[in-house]
Amino acid sequence: MNACLTKQILRTEPPAPRVTATNTTATPAPAEAVPHASPDASLETEIRAPHLIEISNLDFYYGEKKALDCVNLTIDANRVTAFIGPSGCGKSTLLRCLNRMNDLIDGAAVRGGTIKIGDADINAPGIDAIELRKCVGMVFQKSNPFPKSIHENVAYGLRIQGIRDRAEIARRVELSLRGAALWDEVKDRLNDNALGLSGGQQQRLCIARALAVEPQVLLMDEPCSALDPVATGKIEDLIHELKTRYTIIIVTHSMQQAARVSDKTAFFYLGRLVEYDDTRTIFMNPANPQTEAYVSGRFG
Amino acid sequence: MNFHQQNNTRRRREAAVFGLLRASTYLVLLCGALVVGTIVFKGAPVLFKAEFPFINIAFFTEAPETLHVFEHDGKKLELGDRDYRAFMENLAAPSASQPAVAPRSEHAYVYSVGGIFPCIVGTLLLVAGSMTLALFLGVCSAIYLNEYARQNTVTRLIRLAVLNLAGVPSIVFGLFGFGLFVIFLGWNVSLMAGWFTLAFMVLPVVITASEEALKSVPRGYREASLALGATRWQTIRKSVLPYALPGILTSSILGIARVAGETAPIMFTAAYVVRDQLPWQVAKLTDFFFQGVMALPYHIYVVSSKIPQNEYTERVQYGSTLVFLLLVALIAAASILLRNRLRKKHSW
Ligand SMILES: Nc1ncnc2c1ncn2[C@@H]1O[C@H](COP(=O)(O)OP(=O)(O)OP(=O)(O)O)[C@@H](O)[C@H]1O
Ligand SMILES: [Mg+2]
């Protein structure tokens, strides 16, 4: 899985064709496929997947309750994609579909459609959710460091993979902490309990912990909702840095945050994808009146 | 504004209710103090003595013996079994000058001298074995019920059954163990049969409490661990069990007191009234598991119901009881220490 998700993807993105929701409630904007600019790129495009993640006609149920209704969405590699929408519209549900965290909920199931990451259908029978989750990391709304030392928190994923070599672990812990812009703040107290960190530091520690297993995709479910503006700013800066190496999907309730950090934004309402476009378009010139009403703060 | 007390009835009722609550609490306290007080008051002289080494070591290290009380040569003698035999042999081989005089007005009181060492050992063995079994089985089923099984009618039924099991009287467990282990499986009266019977008796408590402890571990730990690519078992082992363990141990401490104290489950399955060999005096290793043992609660039952109550027998009755209380307190204290250390190590 790791291998098949990778390779083609890690090379930087092609200018992906503009995608809009093919959704009944949305009036699709005219799809103007942007032609690939450089002629010499044509050879390369053949071996590159145009999109890292392709969600097609996804129906998701909690028991008998439909939580996602025919969602179609393609997510580009090395971009930040924001999911916005009023509470209960299914943003977290979709996010958790991408690393199959919903498997843990009794009665929750994908009943239709497919999710492809790279070229693997992640709900296909042969797919191991454990391997998938190593590729698709997740940061939760409520920062949840383990009540262990800072070092052990970051090393957790490595130890689980059976890495025993102390030097290797120390190297990757440092790398991840640097990656999460936390190294300078904690390098002198790696053996202190992680619960002694501030809220913002804890959240960055969780990001570092996710980075340590070297995922390709980073899912973030409202990572800043419990943080003050300064800590939020730090995480947003971090997201900007991370996107050169990771594909990031972030759920947020803050329009400003979506506008600041994301390249593309998807607006959901009642389990449906209403509109999906470049962030600038969503905020400045949305095609759908519902989107327009939501981003301008008139409902939701 | 007048904030003075206006309604006297209300105040009186308040005082009456408060007084009733306080009185019932104190009554409970009084009863407890009386029970423990009597045992300590009457038992302490048996366990401790005024001169060095201040502890009646023989009571802790020797096996029970029969007390012989008789008159000889106008003197009243109180001798334990061994001394008594030696004494009688002396009498049987009298010097030529002195004809043998049989002791007169002899009384024998079983188990009234010596110590209760075999009972202490037996109880410790029973507690250790059955708690190990109960914790292992209980934690495993709690993990299965709470972490693996889908929450549906079947698991609800299992939980209901477990709860009901907790209300079953211990004598029923004793008979069940007798029927299943002693007779059907042919284990005879043995440590194994006692371990399983006692384990089944505390299993409901352990399962329920372990489930509570597992539930109290934040979901976030599980999700974080799984999202990092851990399997469920890795998650449970590294991020759930360590944090649930103090809670599981807390409840098991109650289980320990029950396992150590119940007489009914072991009287048919594991306990001997008297046994000369100590548990480690066995020919083969397997014999160890299939031997009966003496046990403190059963010994207390025997000495307080099967022998007369008088100044000669009171010693072993109250002494055993006090030792029993101390032993349970000691085991509980040890587990509390262990739990606190775990809690400090995995604080959250
Ligand atoms: N475990 C669950 N069992 C049953 N229904 C659920 C479960 N989790 C979520 N739902 C339902 O699915 C719908 C979508 O929930 P979801 O958590 O995805 O919303 P959300 O967009 O993330 O909302 P928020 O912004 O408040 O986090 C909601 O109606 C919710 O009630
Ligand atoms: Mg949510």
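Protein chains in written order, with our numbering: chain S, 101 to 400; chain E, -7 to 340. Note that beta-carbon positions come from the ideal geometry of N, C-alpha and C, so glycine has one too. On a predicted model such as this, the values are computed, not experimentally measured, just so you know.
What is the DSSP secondary structure of residue i, reduced to helix, strand or coil?
i, result
"Glu238/S", "Sequence check: residue 238/S is Met here, not Glu. Strand at Met238/S."
"Phe79/E", "helix"
"Leu127/E", "helix"
"Ala229/S", "helix"
"Lys216/S", "strand"
"Pro257/E", "helix"
"Asp279/E", "helix"
"Ala7/E", "helix"
"His99/E", "strand"
"Phe183/S", "strand"
"Tyr161/S", "strand"
"Met286/E", "coil"
"Met320/S", "strand"
"Glu154/S", "strand"
"Val164/E", "helix"
"Leu168/S", "strand"
"Asp265/S", "coil"
"Ile350/S", "strand"
"Ala281/S", "coil"
"Gln(-3)/E", "coil"
If the criterion is Cβ atoms closer than 8 Å, does the pair residue i and residue j meet it?
i, j, result
"Phe165/E", "Phe192/E", "yes"
"Ile339/S", "Ile349/S", "no"
"Ile248/E", "Ala158/E", "no"
"Lys245/E", "Ile328/E", "It is worth fixing the name first, because residue 245/E is Ile in this sequence and not Lys. Contact: yes."
"Leu39/E", "Leu314/E", "yes"
"Asn291/S", "Gly212/S", "no"
"Pro402/S", "Gln302/S", "Nothing can be reported for residue 402/S, as the shown portion of chain S is limited to 101 through 400."
"Leu152/S", "Gly218/S", "yes"
"Gly311/E", "Pro289/E", "no"
"Glu303/E", "Leu206/E", "no"
"Leu218/E", "Leu330/E", "no"
"Leu183/E", "Gly121/E", "yes"
"Tyr162/S", "Ile230/S", "no"
"Ala44/S", "Ala280/S", "Within the shown structure, residues of chain S are numbered from 101 to 400, placing residue 44/S beyond reach of any answer."
"Val254/S", "Val273/S", "yes"
"Ala189/S", "Gly371/S", "Looking at the sequence shown, residue 189/S is not Ala but Cys. The answer is yes: Cβ separation under 8 Å."
"Leu334/E", "Pro238/E", "yes"
"Thr347/S", "Ala177/S", "yes"
"Val180/S", "Ser354/S", "no"
"Gly221/E", "Lys234/S", "yes"
"Leu69/E", "Val285/E", "no"
"Val286/S", "Leu295/S", "no"
"Gln390/S", "Tyr376/S", "no"
"Phe62/E", "Gly169/E", "no"
"Gly114/E", "Pro257/E", "no"
Just list the residues that DSSP pairs residue i with in beta bridges.
i, result
"Lys248/S", "Paired residue(s): none; Lys248/S is not in a bridge."
"Lys67/E", "His64/E"
"Asp378/S", "Lys364/S"
"Asn293/S", "Ser249/S"
"Arg372/S", "Tyr369/S"
"Pro37/E", "Per DSSP, none; premise fails for Pro37/E."
"Leu59/E", "Gly72/E and Tyr101/E"
"Leu173/S", "Ile155/S"
"Lys209/S", "The displayed chain sequence assigns Ala, not Lys, to residue 209/S. Per DSSP, Tyr161/S."
"Thr332/S", "BP columns for Thr332/S are empty, so no partner."
"Ala205/E", "DSSP lists no partner for Ala205/E."
"Ile47/E", "Phe40/E"
For residue i, which residues from the same chain have a beta carbon less than 6 Å from its beta carbon, with the 5 sequence-adjacent residues on both sides left out?
i, result
"Val265/E", "Val294"
"Glu57/E", "Gly72, Asp73, Val105 and Gly106"
"Val210/S", "Phe160 and Asn223"
"Phe183/S", "Lys191, Val351 and Ala366"
"Ile108/E", "Ser312"
"Thr106/S", "Because Thr106/S carries a pLDDT of 40, less than 50, the predicted location of this residue cannot be relied on, and the following value inherits that uncertainty. Once the five neighbours on either side are set aside, Thr106/S has no close Cβ partner at all."
"Met320/S", "Val239 and Ile350"
Within its chain, find whatever has a CB closer than 7 Å to the CB of residue i; leave out the 5 residues flanking it on each side and keep chain order.
i, result
"Arg3/E", "Gln(-3)"
"Pro135/S", "In this predicted model, Pro135/S has a pLDDT of only 43, less than 50, meaning its place in the structure is not dependable enough to derive any value."
"Glu144/S", "Residue confidence is low: Glu144/S scores 37 on pLDDT, short of 50, so the model does not pin down where it sits. Its coordinate-derived value is still stated next. Result list for Glu144/S: empty, nothing under 7 Å."
"Tyr256/S", "Phe246 and Arg309"
Any C-beta of chain C sitting closer than 8 Å to the C-beta of residue i?
i, result
"Ser162/E", "The structure shown contains no chain C; the protein chains it does contain are S and E."
*Can you give me, in chain order, the residues of the region 371 to 387 of chain S that have a beta carbon less than 7 Å from any beta carbon in chain E?*
Listed by position, the residues of the region 371 to 387 of chain S near chain E (Cβ gap below 7 Å) amount to none.
*Using a Cβ-Cβ cut-off of less than 9 Å, give me the residues of the region 207 to 241 of chain S that come near chain E, in sequence order.*
Here the close residues are Gly207, Ala229, Ile230, Glu231, Leu232, Arg233, Lys234, Cys235, Val236, Gly237, Met238, Val239 and Phe240.
*Using a Cβ-Cβ cut-off of less than 8 Å, give me the residues of the region 198 to 212 of chain E that come near chain S, in sequence order.*
Listed in sequence order: Pro210 and Gly212.
_Residues of the region 218 to 252 of chain E in Cβ contact with chain S at a cutoff of 8 Å, in chain order, please._
Correct list: Leu218, Ala219, Leu220, Gly221, Ala222, Thr223, Gln226, Lys230, Ser231 and Tyr235.
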